[in-house]
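Numbering (this note's numbering), first residue to last: 3 to 131.
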């Protein structure tokens, strides 16, 4: 019979411990409930990647992240606020920072979101299948 705490790789009946999974940013606020995997695809479709720095926010905590897919561990049993904004590096072509925000509802399944930004102002975080 497997031993170890629930959620570790030694217990095949529980999901993996996301906080110890490579390339997953752990949820750092107090939360003893179940967690799930959230992946955000931050694209550069209309932006020159060198002109902006992407930031992702999970429940108010901001993370400097890279362009492309970024994965987070988030609570599965309650609402989670997710935001992404692009901070301009300034310079001659400075425009207001594009941003997007969404509230994720309780759900035990992994979820994937994609950014959709306009040139400036509010964009969207869109669920992907």
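Even glycine gets a Cβ: it sits at the ideal position worked out from N, Cα and C.
Whole-angstrom distance between residue j and residue i, CA atom to CA atom
i           : j           : result
residue 102 : residue 65  : 15 Å
residue 44  : residue 73  : 11 Å
residue 69  : residue 34  : 30 Å
residue 127 : residue 31  : 23 Å
residue 131 : residue 114 : 7 Å
residue 47  : residue 84  : 20 Å
residue 26  : residue 116 : 17 Å
residue 40  : residue 51  : 23 Å
residue 59  : residue 36  : 20 Å
residue 63  : residue 57  : 10 Å
residue 118 : residue 125 : 6 Å
residue 24  : residue 53  : 29 Å
DSSP beta-bridge partners of residue i
i           : result
residue 87  : 57 and 101
residue 72  : 42
residue 131 : According to DSSP, which records beta bridges pairwise, residue 131 is partnered with nothing at all.
residue 116 : 43 and 128
residue 106 : 82
Short Cβ contact (7 Å threshold) for residue i with residue j
i           : j           : result
residue 112 : residue 38  : yes
residue 106 : residue 67  : no
residue 79  : residue 108 : yes
residue 29  : residue 86  : no
residue 55  : residue 89  : yes
Residue i - DSSP class collapsed to helix/strand/coil
i          : result
residue 51 : helix
residue 22 : helix
residue 80 : coil
residue 65 : strand
Residue i burial status per 10 Å Cβ neighbour count (16 or more: buried)
i           : result
residue 20  : buried
residue 22  : exposed
residue 123 : exposed
residue 120 : exposed
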